[in-house]
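Reviewing the structure listed below.
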Amino acid sequence: MRFLTSTFLLTIRALRESIRQPANEIGNAFIPIFFYAVTIGAVGGVAAEAFGVEDYKGFQLPVALLQGAAGVAGGAGIALTQDIQSGYFEKLMLTSTPRFALVFGRMVADAVKALILSVVVLAMALLVGSGFATGVVGMVVLLLASGAFALAYSGIGVAIALKTGSPQAAQAGFLIFFPLLFLAPTFAPIEVFQPWLEFIARLNPVTYLLEGMRALVITGWDWDALVKGAAAIVGIAVVTFTLTAASLRGRTSG
Amino acid sequence: MAAIVATNLVKHFSPDIRAVDGIDLDIPDGQVFGFLGQNGSGKTTTVRMLTTLLRPTSGSAHVGGIDVLSDPDRVREVVGVAMQDVGLDDIQTGREQLTLQARLFGISAAETRRRVEQLLDVVTLADAADRLVSGYSGGMKRRLDLACALIHQPRIIFLDEPTTGLDPVTREEVWRYVERLNREGVTFFLTTQYLEEADRLCHDIAIMDRGKIVAKGSPADLKSSIGTDRITLAFASAEETLQANDLLRGFDGVSDTAVTENEVAVYIRNGAAAVPGVVLALADAGLSVGELRLAQATLDDVFLRATGHHLQVDRKAETPAAGGAS
Numbered sequence: 002m003r004f005l006t007s008t009f010l011l012t013i014r015a016l017r018e019s020i021r022q023p024a025n026e027i028g029n030a031f032i033p034i035f036f037y038a039v040t041i042g043a044v045g046g047v048a049a050e051a052f053g054v055e056d057y058k059g060f061q062l063p064v065a066l067l068q069g070a071a072g073v074a075g076g077a078g079i080a081l082t083q084d085i086q087s088g089y090f091e092k093l094m095l096t097s098t099p100r101f102a103l104v105f106g107r108m109v110a111d112a113v114k115a116l117i118l119s120v121v122v123l124a125m126a127l128l129v130g131s132g133f134a135t136g137v138v139g140m141v142v143l144l145l146a147s148g149a150f151a152l153a154y155s156g157i158g159v160a161i162a163l164k165t166g167s168p169q170a171a172q173a174g175f176l177i178f179f180p181l182l183f184l185a186p187t188f189a190p191i192e193v194f195q196p197w198l199e200f201i202a203r204l205n206p207v208t209y210l211l212e213g214m215r216a217l218v219i220t221g222w223d224w225d226a227l228v229k230g231a232a233a234i235v236g237i238a239v240v241t242f243t244l245t246a247a248s249l250r251g252r253t254s255g
Numbered sequence: 033m034a035a036i037v038a039t040n041l042v043k044h045f046s047p048d049i050r051a052v053d054g055i056d057l058d059i060p061d062g063q064v065f066g067f068l069g070q071n072g073s074g075k076t077t078t079v080r081m082l083t084t085l086l087r088p089t090s091g092s093a094h095v096g097g098i099d100v101l102s103d104p105d106r107v108r109e110v111v112g113v114a115m116q117d118v119g120l121d122d123i124q125t126g127r128e129q130l131t132l133q134a135r136l137f138g139i140s141a142a143e144t145r146r147r148v149e150q151l152l153d154v155v156t157l158a159d160a161a162d163r164l165v166s167g168y169s170g171g172m173k174r175r176l177d178l179a180c181a182l183i184h185q186p187r188i189i190f191l192d193e194p195t196t197g198l199d200p201v202t203r204e205e206v207w208r209y210v211e212r213l214n215r216e217g218v219t220f221f222l223t224t225q226y227l228e229e230a231d232r233l234c235h236d237i238a239i240m241d242r243g244k245i246v247a248k249g250s251p252a253d254l255k256s257s258i259g260t261d262r263i264t265l266a267f268a269s270a271e272e273t274l275q276a277n278d279l280l281r282g283f284d285g286v287s288d289t290a291v292t293e294n295e296v297a298v299y300i301r302n303g304a305a306a307v308p309g310v311v312l313a314l315a316d317a318g319l320s321v322g323e324l325r326l327a328q329a330t331l332d333d334v335f336l337r338a339t340g341h342h343l344q345v346d347r348k349a350e351t352p353a354a355g356g357a358s
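In order, the protein sequences belong to chains H and P. The letter at position 168 of the first sequence is residue 169 when you use our numbering, and the numbering goes up by one with no holes. The letter at position 163 of the second sequence is residue 195 when you use our numbering, and the numbering goes up by one with no holes.
The structure is reproduced here in structure tokens:
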């Protein structure tokens, strides 16, 4: 109970911080919308003929959502380094609250921000003509998946921030996402990949995440794809939360 | 009951860096205990270990009767800590910061509101409570930091150089507040570079040098241990100074001497009565005294004898920008 209360309080604090410093959030919103527009403009016209994707606006929607979520999720680590450098994190560490809550509050705030950004991106995609196979319920699931991915992924930046205290290093947490994204069926279905790239993509959790989210947008309730997508998020969360917990313990061992 | 007990407490950051090298502490409840030492002597590392921010390399410590190693969460419930560098969030208001701190200690929302109002009055920040901390002066930040350390009404408060960088008026305010809380029964563990701070506030002090405690006791006992008075004699040359030191070391009633540049400090009981004899003895030896000063021994004298050097205060921190009593 104490963990949940503290997480809630620190989530509110992090969200208030974003409201008071909106510039970061504007940047986070710009990147996925820009790439969505550019990719649709460049590839959308030939997608059906080139690799059989009729609704390329829908095909690219999960990419934009994940890009936005990853960008937002990088914020927790960077903000945490500011708390560490100012000494405020130490003040929080001196309270009797469960220590994981001290970082989890920021991570949940990132998930909330990613959810809000995802609503904007989804609305924009629908406005420009993206289809949506699973209706309103599917949209809710898609938005929740986006938020859950942000929560899981924010652990990387947080773990790096706790370990190094360096904003530059924490920023690298976001950059890790780019190779993962480009080694997944981001621009074209996996079926058209060269065998070597398909092999790598099959090992990449982002592939399953994209395919699960795309099922909601394009195909319908494909439970196999959805379960694999959910498992990918859980897998990322297990790894990043474990790293975060280890880094948190490391901060007091000196 | 003892508020703080440490036994052979050690912190090594690498085999070569022995920040704290086996210290023992036994501080009773209700005391203001001063930890005196220069930058890098191990004071802050000791505070960080006792407040669960840093795990000791070896040894044991109990704070408020609770083991810092096996039950750190409970230790944090009974201690309040204000570190040397105020750790505040510039993007929150003073009220938000105090409120969050209280809630993270598990204090109810209603009780938090009551305590926040009360503390804002005490630290005279009520008028600035709803302004962002980024607009606070150095003095205001220090007072807010202190309020954060007090919000959960701890029995034991650690203040790591609480007045470094503060102007004299704000420093006096902090001292008065420490005295007031101590009268109400709160135990203080205070690290400082300021001898007058230790002299005024502390019941007992320990002098820390290179990770070890080199002297411990009440300020009065420590001063009397080296003689009640100090006669300082200045000479024209280093050679004369050393000769005078050799002569006076064996003088009747002298408990110790110390040489710095062209001066000899002689620690002696009943210094006023001893002055004529000292001057005559020097004159008989052909040594001419350039200047003579008589004063009571100070903690600086104790520090000099315990460590072999004067306490060098880091004055860099004392800039007007960091001070602001507003």
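Where is the CB? At the ideal position from N, CA and C, for every residue including glycine.
Scanning chain H for C-beta atoms nearer than 9 Å to the C-beta of P/Val218 yields nothing, as the closest lies near 16 Å away. Note on the region 86-157 of chain P: whole alpha helix (DSSP H) runs with a minimum of 4 residues are 104-110, 126-136 and 141-154, in chain order.
Sequence-distant Cβ neighbours of H/Val193 in its own chain, meaning closer than 7 Å and more than five residues away, are Phe52.
Excluding five sequence positions before and after H/Glu26, the CB atoms of its chain that fall closer than 6 Å to its own CB belong to Ser19, given in chain order. Put simply, of P/Thr260, P/Ile239, P/Lys255 and P/Leu324 the residue whose alpha carbon is nearest the alpha carbon of P/Ala276 is P/Leu324.
Looking only at H/Val73, H/Leu93 and H/Ile41, the smallest Cα-Cα distance to H/Leu62 is reached by H/Ile41. A Cβ-Cβ distance of about 7 Å is found for the pair P/Val310 and P/Leu280, placing them in contact under the 8 Å criterion. Counted as a single uninterrupted DSSP element, the beta strand (DSSP E) harbouring P/Glu323 occupies residues Glu323 to Gln328. The alpha carbon of P/Ile245 has as its nearest neighbour, out of P/Ala329, P/Arg187 and P/Val42, the alpha carbon of P/Val42.
Contact fails between the region 110-123 of chain P and the region 57-69 of chain P, because fewer than three Cβ pairs, one in each stretch, are under 8 Å apart.
Under a criterion of Cβ atoms nearer than 9 Å, the residues of chain P adjacent to H/Glu18 are, in order, Asp121, Ile123 and Gln124. Assignment of beta strand (DSSP E) within the region 228-256 of chain P, counting only whole runs of 3 or more residues, yields 236-241 and 244-249 in chain order. Spatial neighbours of P/Ala158 in its own chain (CB-CB distance under 7 Å, excluding positions within 5 residues in sequence) are listed in chain order as Leu152. The alpha-carbon separation between P/Asn302 and P/Ala35 amounts to approximately 38 Å. Neighbours of H/Leu10 in chain P, taken as residues at a C-beta separation under 8 Å, are given in chain order as Leu132, Arg135 and Leu136. Contact annotation: the region 155-175 of chain H touches the region 71-88 of chain H, with at least three C-beta pairs closer than 8 Å. A straight-line Cα-Cα distance of about 56 Å links P/Ala181 and H/Gly132.
Residues of the same chain with a CB within less than 7 Å of the CB of P/Ser256, apart from the 5 flanking positions on each side, do not exist. Counting the other Cβ atoms within 10 Å of the Cβ of P/Ala141 gives fewer than 16, which makes it exposed. One Cα belongs to P/Glu272, the other to P/Pro251, and the distance between them is close to 33 Å. P/Gly54: member of the beta strand (DSSP E) spanning Ile49 to Pro60, first to last residue. Nearest CB-CB separation between H/Thr187 and chain P: not below the 8 Å threshold.
In this structure, P/Ser90 keeps its C-beta atom at 8 Å or more from the C-beta atom of P/Asp122. For the region 98-114 of chain H, the set of residues with a beta-carbon nearer than 7 Å to any beta-carbon of chain P comprises Thr98, in chain order.
Nearest CB-CB separation between H/Gln172 and chain P: not below the 8 Å threshold.
Between H/Lys164 and chain P, the shortest Cβ-Cβ separation is not below 8 Å. Of the other Cβ atoms in all chains shown, fewer than 16 fall within 10 Å of the Cβ of H/Leu128; this residue is therefore exposed. Proximity of the region 74-87 of chain P to the region 102-111 of chain P meets the contact definition, three or more beta-carbon pairs being nearer than 8 Å. One thing to note: H/Ala70 has its Cβ within 8 Å of the Cβ of H/Ala115. Not one beta carbon of chain P lies nearer than 8 Å to the beta carbon of H/Thr82. DSSP, read as helix, strand or coil, puts P/Val206 in helix. Ranking P/Ala305, P/Asp288, P/Glu293 and P/Tyr226 by CA distance to the CA of P/Tyr299 puts P/Asp288 first. Along the region 170-196 of chain P, going in chain order, the ones with a CB nearer than 9 Å to a CB of chain H are Asp177, Cys180, Ala181 and His184.
With contacts defined as CB atoms closer than 8 Å, P/Leu222 and P/Phe335 fail to qualify as a contacting pair.
For P/Phe45, the enclosing beta strand (DSSP E) begins and ends at Ala34 to Ser46.
Taking C-beta separations shorter than 6 Å and ignoring five residues to either side along the sequence, the partners of H/Leu103 in its chain run Leu93, following chain order.
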